[in-house]
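Peer 1: Protein chains in written order, with my numbering: chain A, 1 to 269; chain B, 270 to 531; chain C, 532 to 686. This is the structure I have questions about; it appears just below.
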Amino acid sequence: MTQKNIVEIEKLSFGYDNRMLHKDINMVFPRGKVTAIMGGSGCGKTTILRLIGGQIKPKSGHVKVDDKIVHKQDRQGIYELRRKMGMLFQHGALFTDLSVFDNVAFPIREHTKLPESMIRDLVLMKLNAVGLRGAHKLMSTELSGGMARRVALARAIALDPDIIMYDEPFAGLDPISMAVICDLIRTLNDALGATSIIVTHDVEEAFSFADYIYFIADGVVAAEGTPKELSKSKLPFVHQFVHGEKDGPVPFHYNAPSYKKDIYEPVEL
Amino acid sequence: MNPIFKTLSSLGNQVTSRIWRLGSATRLFLLILIYSGESFRRIHLTIREIYFTGVMSLIIIIVSAFFVGMVLGLQGYYTLQKYGSSESIGVLVALSLLRELGPVVTALLFAGRAGTAITAEIGLMKATEQLSAMEMMAVSPIARIIGPRFWAGVISMPILASIFSMVGVMGGYLVAVPIIGVDHGAFWSQMNVNVDFRFDVINGLIKSFVFGVACTIIALYEGFDAPPTAEGVSRATTRTVVTSSLTVLGLDFILTSFMIAH
Amino acid sequence: MDKTTLDIWVGLFVAIGIAALMGLATKVGNLTSNTLGETYAVTANYENIGGLKPRAPVKSSGVVVGSIDNIKFDTKTYQAVVTLKIDKRYPFPKDTFANIYTSGLLGEQYISLEAGGDDQFLKEGDRISKTQDAVVLEKLISQFLYNKATEEPKK
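The following block contains the structure:
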């Protein structure tokens with residue numbers, strides 16, 4: 001019997017000595033859906049992906065992937081869980097000493113014993129899915145930002161993972177590349193029958209393809225819902241974020257003493 | 270009182286942080302050993318790294334060895350001549366190289382050339398999240414990236430040190446016999462009699478092996494531990510050279526006293 | 532840099548390294564066929580070995596024919612037992628003299644074998660019975676003083 005939710009986060013708390021990033025968070029990611037995690041910079045969105053992937057351990061609570069608690073797995077267990085995941089890192093993280101072809105072939109060569117002819121077909125298929133089949137001979141250092149990210153995406157789906165995670169996939173891209181990635185996220189998710197989790201702060205893009213959205217602020221889930229529900233939300237934080245307002249629950253001014261005091265009184269600089 | 274407290278606390282801080290780093294580096298070393306089985310299954314990666322650390326260092330090693338040998342010949346001759354022992358020049362050159370200069374100078378050059386390259390490469394891979402990506406693909410970066418570089422360094426170092434000693438002796442020969450005029454036969458026969466295979470050649474090899482382990486681990490650790498910024502990586506490469514050099518010289522003393530006492 | 536070129540360079544590198552090591556061992560060091568070849572071990576007892584050390588050479592007519600393996604002390608006879616390893620190519624008769632000489636004036640000490648006339652040769656494990664101790668400086672001086680003292684009355 002397959003679980004309805006492929007990833008479940010229950011009462012998760014994580015942080016460093018001086019501050020807690022997440023306090024008692026609960027999130028679920030249903031199979032086959034595209035879920036977005038949004039929030040301001042530095043609120044711990046990427047850390048959630050790392051917690052799911054088992055790269056860091058929570059202080060309390062747990063993350064369950066396919067009904068297995070991630071941080072309680074041994075080396076072999078984590079290995080099997082990670083084989084079901086594909087992750088697209090913020091700037092691609094392609095291996096600089098390998099060509100485009102070898103980068104995409106890497107997970108296949110490492111985890112399967114398929115003959116080279118089959119690997120060649122698989123790699124070209126994956127590259128075709130992201131529209132870069134013609135670029136397979138290039139070195140990864142010769143690619144533009146957008147192209148590199150697409151190759152990294154091809155690499156992430158090389159083994160047909162059940163979970164595809166995206167870490168800020170739109171950061172620093174031109175409008176065309178953004179549209180391409182946007183389209184790919186939805187298409188690949190449905191074509192592979194996978195579950196996608198996207199960490200981003202691009203409102204327009206996220207609202208266009210996500211089935212469900214979580215908002216993180218101050219270490220808790222400030223709001224959640226479908227894009228339709230959230231765009232109508234009256235919550236001040238959601239409103240400020242969605243409409244891109246300069247000032248609101250997230251203040252414009254960094255904590256400082258009175259302005260008048262700073263200007264008029266001699267202060268030690 | 271304040272500045273005194275400040276210096277004392279910063280001194281204490283430095284000592285504790287260094288000990289902590291030593292512990293971390295040892296942990297990395299143990300991890301490399303644990304994963305060495307996987308590293309050796311991908312033997313071609315190690316061969317590739319031997320090329321980049323060993324073969325690429327050949328030029329600097331050979332040229333340096335030649336000059337060092339020639340200087341030894343020159344300096345040695347003028348000193349020995351005062352005691353009428355100029356025929357022992359061969360012994361002087363050979364023993365200096367085999368016991369000390371070969372392993373130590375090779376290690377210092379290795380740290381500067383190959384060590385910094387390793388640190389920069391690993392640091393950069395960490396900064397661009399390549400190591401993280403590999404982890405998420407369920408491939409151990411220790412087995413695939415760090416391990417091969419370690420074994421390559423450990424294999425390359427004794428080879429480079431032997432080449433250094435041999436080329437140095439030839440450099441010394443070049444200065445002593447054709448140029449200064451020491452007798453060809455005396456040069457080699459005196460050397461032959463006074464250089465012991467087990468004590469001098471083997472001990473030199475042991476030293477270069479130990480230095481290889483030390484320098485490579487330091488280079489790998491500094492790269493692995495570097496903060497993922499441009500400044501962090503560049504400072505890490507400097508630390509590699511400084512720490513490697515001091516460690517090599519310190520280990521040299523410890524090994525030499527151990528070998529002489531034995 | 533394709534796979535085969537890489538392999539060739541690395542192979543060359545390792546080969547040069549081994550060649551250098553062999554060069555060092557043979558031309559520079561004293562690893563010759565002597566030490567690598569087959570040897571037979573014999574023992575010799577001495578009252579005083581002076582400064583003789585293990586690995587010191589064993590020579591005959593100035594030519595190195597072997598080396599000292601180890602030096603032990605016999606608590607029954609209170610003598611030093613020196614084990615010599617002689618190259619199998621050089622057989623020595625049973626009545627060979629094994630004397631401790633010094634290289635040059637103040638150099639290192641070694642064992643010199645002077646062949647006797649016996650038609651039986653030394654075998655593995657045999658003991659050389661004819662030995663001459665090392666020259667100890669103190670004994671030499673006391674000998675000299677004694678001789679000088681006994682000379683006086685002749686005046």
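Glycine is no exception: its CB is placed at the ideal position from the N, C-alpha and C atoms. A quick note: this is a predicted structure, and the numbers were derived from the prediction, not measured.
For the alpha helix (DSSP H) containing I471(B), list its first residue and its last residue.
Peer 2: Within the second sequence, the letter at position 202 stands for residue 471(B). That residue, I471(B), is in no alpha helix (DSSP H); it is neither H nor E in DSSP.
Peer 1: Examine chain C for any beta-carbon lying closer than 8 Å to the beta-carbon of I414(B), and answer yes or no.
Peer 2: Within the second sequence, numbered from 1, the residue matching residue 414(B) stands at position 145. No - not a single Cβ of chain C is within 8 Å of the one on I414(B).
Peer 1: At which residue ranges does the region 467 to 511 of chain B contain complete alpha helix (DSSP H) runs of 4 or more residues, listed in the order of the chain?
Peer 2: For the region 467 to 511 of chain B, whole alpha helix (DSSP H) runs of length 4 or above, ordered along the chain, are 472 to 494.
Peer 1: V7(A): which of K64(A), I25(A) and L49(A) sits nearest, CA to CA?
Peer 2: Translated into the one-based positions of the first sequence, residue 7(A) becomes position 7. It is K64(A).
Peer 1: Give a yes or no on whether the C-beta atoms belonging to G306(B) and G392(B) are separated by under 8 Å.
Peer 2: In the second sequence, counting from the first residue as 1, residue 306(B) sits at position 37. In the second sequence, counting from the first residue as 1, residue 392(B) sits at position 123. No, Cβ-Cβ distance for G306(B) and G392(B) is not below 8 Å.
Peer 1: Could you list the residues in the region 427 to 444 of chain B with a C-beta less than 7 Å from some C-beta on chain C, going in chain order?
Peer 2: Result list: I428, S431, I432, S434, M435 and V438.
Peer 1: Who are the near neighbours of K11(A) in its chain, counting only those whose CB is closer than 6 Å to its CB and skipping five residues on each side?
Peer 2: Against the first sequence, residue 11(A) aligns to sequence position 11. For K11(A), where only same-chain residues beyond five positions count, the Cβ hits under 6 Å are D24 and G61.
Peer 1: Could you check whether the Cβ of W289(B) sits closer than 8 Å to any Cβ belonging to chain C?
Peer 2: On the second sequence, residue 289(B) is found 20 positions in, with the first residue counted as 1. No, W289(B) does not count as interfacial toward chain C.
Peer 1: In this structure, what does DSSP give as the bridge partners for T633(C)?
Peer 2: If you number the third sequence from 1, residue 633(C) lands on position 102. Per DSSP, Q640(C).
Peer 1: List the DSSP bridge partners of F29(A).
Peer 2: Residue numbering aside, residue 29(A) sits at position 29 when the first sequence is read from its first letter. DSSP output for F29(A) lists V7(A) as bridge partner(s).
Peer 1: For A256(A), name the three-state secondary structure that DSSP assigns.
Peer 2: Position 256 of the first sequence, counted from the start, is the residue given in the question as residue 256(A). In this structure, A256(A) counts as coil in the three-state DSSP scheme.
Peer 1: Take R75(A) as the anchor and find which of E404(B), Y490(B), I331(B) and S425(B) has the nearest alpha-carbon.
Peer 2: Mapped onto the first sequence, residue 75(A) falls at position 75. With distances taken between Cα atoms, R75(A) lies closest to E404(B).
Peer 1: For F604(C), write down the residues that DSSP places opposite it in a beta bridge.
Peer 2: Locating residue 604(C) in the third sequence gives position 73, where the first residue counts as 1. According to DSSP, which records beta bridges pairwise, F604(C) is partnered with A611(C).
Peer 1: Entirely within the region 375 to 417 of chain B and at least 4 residues each: give me those alpha helix (DSSP H) ranges in chain order.
Peer 2: DSSP runs (the alpha helix (DSSP H)) wholly in the region 375 to 417 of chain B: 385 to 396 and 399 to 405.
Peer 1: Verify whether the separation of the beta carbon atoms of R311(B) and R418(B) is less than 8 Å.
Peer 2: As a position in the second sequence, residue 311(B) is number 42, starting the count at 1. As a position in the second sequence, residue 418(B) is number 149, starting the count at 1. No; because the gap between Cβ atoms is not below 8 Å, this pair is not in contact.
Peer 1: Just by C-beta distance, which residues in the region 154 to 168 of chain A are closer than 7 Å to chain B?
Peer 2: Cβ contacts with chain B come from no residue of the region 154 to 168 of chain A.
Peer 1: Would G729(C) pass as an interface residue toward chain B - the criterion being a Cβ-Cβ separation below 8 Å?
Peer 2: This structure does not reach residue 729(C), given that chain C is present from 532 up to 686, and the question cannot be answered.
Peer 1: Assuming F237(A) contacts F215(A) under a Cβ cut-off of 8 Å, what Cβ separation, rounded to an integer in Å, is found between them?
Peer 2: As a first step, residue 237(A) is located in the first sequence; it is residue number 237 there, counting from the start. As a first step, residue 215(A) is located in the first sequence; it is residue number 215 there, counting from the start. Between F215(A) and F237(A) the Cβ distance is about 7 Å, and since that is below 8 Å, they are a contact.
Peer 1: From F527(B) to V464(B), what distance separates their C-alpha atoms?
Peer 2: The sequence position of residue 527(B) within the second sequence is 258, counting from 1. The sequence position of residue 464(B) within the second sequence is 195, counting from 1. So the alpha carbons of these two residues sit roughly 19 Å apart.
Peer 1: I need the DSSP call for V666(C), collapsed to helix, strand or coil.
Peer 2: Start at 1 with the first residue of the third sequence, and residue 666(C) comes out as number 135. Note: V666(C) maps to coil in three-state DSSP.
Peer 1: Excluding the 5 residues flanking E569(C) on each side, which residues of the same chain have their C-beta closer than 7 Å to its C-beta?
Peer 2: Start at 1 with the first residue of the third sequence, and residue 569(C) comes out as number 38. Counting only Cβ-Cβ distances below 7 Å, and skipping sequence neighbours, we find K619.
Peer 1: Three-state secondary structure (DSSP) at F311(A)?
Peer 2: Since the first residue of chain A shown is 1 and the last is 269, residue 311(A) is not available in this structure.
Peer 1: From the beta carbon of D538(C), is the nearest beta carbon of chain B less than 8 Å away?
Peer 2: Within the third sequence, residue 538(C) is the residue found at index 7, counting from 1. Answer yes: the Cβ-Cβ gap between D538(C) and chain B drops below 8 Å somewhere.
Peer 1: In the DSSP assignment, the beta strand (DSSP E) including Y214(A) goes from what residue to what residue?
Peer 2: Your numbering for residue 214(A) matches position 214 in the first sequence. Element bounds for Y214(A): Y212 to A217.
Peer 1: Under a Cβ-count criterion, where at least 16 other Cβ atoms within 10 Å of its own Cβ denotes burial, should F379(B) be classed as buried or exposed?
Peer 2: Counted from its first residue, the second sequence places residue 379(B) at position 110. Buried.
Peer 1: Ordered along the chain, which non-local residues of its own chain (more than five positions away) have a Cβ less than 7 Å from that of S13(A)?
Peer 2: Here residue 13(A) is taken as the residue at index 13 of the first sequence, counted from 1. Hits under 7 Å: M20, H22, K23, D24, P58, K59, S60 and G61.
Peer 1: Could you check if D162(A) is buried or exposed, using at least 16 other CB atoms within 10 Å of its CB as the buried criterion?
Peer 2: Position 162 of the first sequence, counted from the first residue, corresponds to residue 162(A). Buried, because 16 or more other Cβ atoms sit within 10 Å of the Cβ of D162(A).
Peer 1: Given a limit of 9 Å on CB to CB distance, which residues of the region 309 to 335 of chain B reach chain C?
Peer 2: Cβ contacts with chain C: H313, I316, R317, I319, Y320, G323, V324 and L327.
Peer 1: For a contact meaning CB atoms closer than 8 Å, what does L398(B) contact in chain A?
Peer 2: On the second sequence, position 129 is the one that residue 398(B) refers to. The amino acid at residue 398(B) is misidentified as Leu; the sequence shows Glu. Ordered by position in chain A, the residues that pass the 8 Å Cβ test against E398(B) are F89, Q90, H91 and A93.
Peer 1: In the DSSP assignment, find the beta strand (DSSP E) that holds K590(C) and state where it starts and stops.
Peer 2: Reading the third sequence from its first residue, position 59 is the one you call residue 590(C). Looking at the DSSP string, the run of the beta strand (DSSP E) that includes K590(C) is P588 to S591.
Peer 1: Could you tell me which residues DSSP puts in a beta bridge with E224(A)?
Peer 2: Looking up residue 224(A) in the first sequence gives position 224. Paired residues: Y214(A).
Peer 1: Using a C-beta to C-beta distance shorter than 8 Å, which residues of chain C count as neighbours of W457(B)?
Peer 2: For the purposes of this step, residue 457(B) is taken as the residue at position 188 of the second sequence. Chain C residues near W457(B): K558.
Peer 1: With 8 Å set as the bound, which would you pick, yes or no: does the beta-carbon of V408(B) sit closer than that to a beta-carbon of chain A?
Peer 2: Locating residue 408(B) in the second sequence gives position 139, counting from the first residue. True, the Cβ-Cβ gap to chain A drops below 8 Å.
Peer 1: Run down chain B in chain order and give the residues with a C-beta less than 9 Å from the C-beta of R658(C).
Peer 2: Here residue 658(C) is taken as the residue at index 127 of the third sequence, counted from 1. Those within 9 Å of R658(C) in chain B number zero; the least Cβ separation is about 27 Å.
Peer 1: Excluding five sequence neighbours on each side, which residues of the same chain lie with their C-beta closer than 8 Å to the C-beta of S233(A)?
Peer 2: Indexing the first sequence from 1 puts residue 233(A) at position 233. Answer for S233(A): A223, G225, H239 and V242, listed in chain order.
Peer 1: Looking at the secondary structure, which residues open and close the alpha helix (DSSP H) in which D190(A) lies?
Peer 2: Counted from its first residue, the first sequence places residue 190(A) at position 190. Its alpha helix (DSSP H) spans residues P175 to L192.
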